[in-house]
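Counting in the numbering used here, the sequence shown runs from 122 upward without gaps.
Glycine included, each C-beta is placed from N, C-alpha and C at the ideal position.
Values in this document were obtained by computation on a predicted structure and should not be read as measured data.
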Amino acid sequence: MIVRRLTDLAGTDRDVKTPNWRSRRLLLASDGQAYSLHDTVIYAGTSTEMWYQHHVEAVYCIEGTGTLFDHETGEEHPIEPGMMYLLDGNERHTVRAETQLRMICVFDPAVTGQEVHDETGAYPPPPAASAGSST
Ligand code: 9YT
């Protein structure tokens with residue numbers, strides 16, 4: 122059994138900070154599961170374009186308001202507590218935070234730790250996938 126608290130993560134390498142968001146990674150690949158679990162804060166007034174090409178992500182809003190723009194369909198969805206979205210088609214999307222947002226995020230496969238978005242908005246492929254693609 123693993124028991125961990127958000128307060129244990131502050132200032133450790135499981136607490137990843139960027140100008141637009143901060144992601145507290147409660148579960149990582151090193152914890153031995155197929156998925157990782159993050160408590161993410163997105164700062165008020167920011168707009169973040171993302172395009173996960175190697176991961177499926179489920180996102181559940183527990184605090185704040187904003188919008189989710191789906192670049193594939195042109196649709197915009199309000200984000201508020203209780204709203205969930207699943208990126209099961211590697212959709213390019215933008216999250217705009219009207220107020221600070223707090224999102225619970227699950228990534229499959231699990232992220233390994235310090236991932237931040239690359240210039241395309243993706244996280245790098247997991248190590249096994251990288252090894253496979255180089256052969
Ligand atoms: C939706 C979103 O917050 N994306 C940015 C960070 C990501 N969720 C993470 O690594 O926790």
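- Here alanine 218 is buried, its C-beta having at least 16 other C-beta atoms within 10 Å.
- Only buried fits histidine 176, as 16 or more other CB atoms lie within 10 angstroms of its CB.
- Burial state of glycine 187 is buried, judged by a 10 Å Cβ sphere holding 16 or more other Cβ atoms.
- Looking at the DSSP output, glutamate 240 sits in no beta bridge, so it has no partner there.
- Judged by DSSP in its simplified three-state form, alanine 131 adopts coil rather than helix or strand.
- The C-alpha of glutamine 235 is placed about 24 angstroms away from the C-alpha of glutamate 184.
- Of Asp209, Arg223, Val162, the smallest CA-CA separation from tyrosine 173 is found for Asp209.
- Comparing alpha-carbon positions, the option among Asp152, Leu149, Ser144 lying closest to threonine 161 turns out to be Ser144.
- A Cβ-Cβ separation of about 5 angstroms places histidine 198 in contact with leucine 189 under the 8 angstroms criterion.
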